[in-house]
Amino acid sequence: MASRFRTYAEFWPFYLREHAKPSTRAVHYVGTIASAALLVWAIVTQNWWWLLGVPVFGYGPAWFGHFFIEKNKPATFEAPFWSLISDYRMCGLFLTGRLGDELMKHQVRAP
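All residue numbers for the sequence shown refer to the numbering used here, where the first residue is 3 and numbers rise by one.
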């Protein structure tokens with residue numbers, strides 16, 4: 003599937019609009035943090051079987067949020083790599099208290 007976005011700068015506002023509802027973002031944070039923690043756990047324990055759970059923990063909550071809360075299609079289907087980067091970016095902005103400014107900058111409001 004060819005992406006309609008030529009640059010990440012074009013993709014980022016789209017990504018934020020696809021995550022307009024706070025509850026959608028919340029389940030993304032849970033999945034992003036859980037998948038990162040599981041990745042670290044796999045590295046620390048050197049038990050590589052844990053790596054199988056990383057995409058399940060990461061995508062499971064996120065896709066639930068899209069299908070049942072936001073009622074849209076995950077951005078992963080449009081641009082997988084940029085979507086992954088954006089998951090961590092959005093979570094990082096949330097954890098540092100800067101996501102609200104970013105949402106306002108791109109005029110993203112919950113419906």
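All C-beta atoms, glycine included, are put in the ideal place defined by N, C-alpha and C.
Keep in mind the model is a prediction, meaning the values are calculated, not measured.
Three-state secondary structure assigned by DSSP to residue i
i	result
Ala36	helix
Ala81	coil
Glu104	helix
Val29	helix
Arg8	coil
Glu20	coil
Ala64	helix
Arg91	helix
Ala44	helix
Pro15	helix
Gly99	coil
Val56	helix
Neighbourhood of residue i by C-beta, 6 Å cutoff - its chain only, sequence neighbours within 5 removed
i	result
Thr78	Ser85
Val110	Leu18, Arg19, Ala22
Whole-number beta carbon distance between residue j and residue i, since they are thought to touch under 8 Å
i	j	result
Pro63	Val42	Incorrect: roughly 18 Å between the Cβ atoms, too far for contact.
Phe92	Arg27	Checking the sequence shown, residue 92 turns out to be Met, not Phe. Contact flag correct, Cβ pair sits at about 7 Å.
Gly33	Phe59	6 Å
Cβ neighbours of residue i in the same chain (closer than 7 Å, five flanking residues each side left out)
i	result
Trp50	Ala44
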